[in-house]
Amino acid sequence: MREESKRLTGSGAFRYVTSRCRCDERILETILEIERCDCVDELQRVLMSVGRMVGFDYACYQDFHLKAGKVVAGRTLSNFPASWWPCYHEAGYLDVDPVVRHALSSLAPLTWCDGLFVTREQRALRADHLAHGLWSGVSFPAHNRHGDVACVSFVFGSPEHDDGGIRNDMLSRGALVANLTLEAMRKSRPKGAGQEVPCLTARELEILAWVAEGKSSWDISRIVSLSEHGVLHHIRSVMKKFDVPTRRQAVLMASRLGML
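In this text, residue positions in the sequence shown follow my numbering: the first is 1, and each later residue adds one.
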């Protein structure tokens with residue numbers, strides 16, 4: 001398609017560009033429907049529609065958090081093959097999944113490739129990807145001010161569908177989809193549900209544990225080999241995620257939620 005568009009001239013080129021603009025408008029309109037979804041089923045339908053419209057076979061939303069330094073799965077929306085998730089959970093792939101590890105610490109899009117899967121466990125994950133028809137894709141992390149972490153992935157089902165590259169407009173669209181879906185999922189939580197567990201980084205958990213031991217910011221800076229300013233930055237981040245005004249309240253909430 002890209003090579004054909006280069007050869008078009010005159011009225012042919014105009015029709016191609018006009019058609020492309022209309023297609024882009026429809027995609028954006030569908031993406032913005034995510035904000036208006038009032039139930040999870042509707043949200044899943046729209047997310048899968050977006051995936052198909054941008055040329056992928058599958059789409060997946062996952063959210064997760066760290067609890068006592070361990071990744072804990074939250075909610076998932078997906079049209080992956082039905083056999084995939086039992087395989088994923090039984091093998092414990094959540095703990096080694098490079099996409100999940102990336103999403104916990106970065107907002108940059110991540111393109112799937114063989115080089116991403118380094119360890120023996122990750123190579124086994126990659127082999128099971130291929131065995132279940134999850135060929136290649138791109139993942140878009142999303143974080144919010146409440147400490148929630150999520151990732152939206154769009155995946156090709158076969159090498160024939162993968163043209164070897166991700167268009168620049170897809171990168172911006174994917175980030176928008178991920179952020180809108182994370183917010184929509186947050187709003188869809190049933191009223192009266194248990195308190196959500198903020199997602200703390202490994203460093204934040206480490207520093208909070210020392211706060212719980214009664215250590216000062218200066219003491220902690222010496223223990224973890226970080227400047228006192230850096231320690232204070234992490235403590236403020238933890239307080240913001242728990243939405244509390246003091247470090248002691250953050251410790252109490254973390255203890256109550258089983259994070260320490």
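Just so it is clear, CB atoms sit at the ideal spot from N, CA and C, and this is done for glycine as well. Bear in mind the structure is a predicted one, so any value in this text is a computation, not a measurement.
Pick from the options that is closest to residue i, judged by C-alpha positions
i    : options                   : result
P198 : I27, N144 and E213        : N144
V238 : A212, R222 and I223       : A212
L134 : C151, P159, G69 and R120  : P159
L171 : N79, V54, S78 and A73     : V54
V224 : H233, R236, W210 and G214 : W210
Y61  : D38, M48 and G157         : M48
R126 : V96, M253 and D57         : V96
T201 : E42, Q122, K70 and G157   : K70
H65  : V149, L32, R222 and T76   : V149
T119 : S78, S136 and Y93         : Y93
V40  : L252, Q122 and R75        : R75
Cβ-Cβ distance between residue i and residue j below 8 Å
i    : j    : result
F117 : P141 : no
A250 : L205 : no
P81  : H132 : yes
S139 : A103 : yes
P109 : G51  : no
I31  : L43  : no
Y58  : G157 : yes
Exposure label - residue i; buried when at least 16 CB within 10 Å
i    : result
R36  : exposed
R189 : exposed
C151 : buried
A73  : exposed
G214 : exposed
Under the three-state DSSP convention, the category residue i falls into
i    : result
H146 : coil
R189 : coil
A82  : coil
G74  : strand
C151 : strand
L43  : helix
Distance between beta carbons of residue j and residue i, contact taken as under 8 Å
i    : j    : result
K67  : M259 : 6 Å
D63  : L257 : The Cβ separation is near 16 Å, so there is no contact.
V155 : F56  : 6 Å
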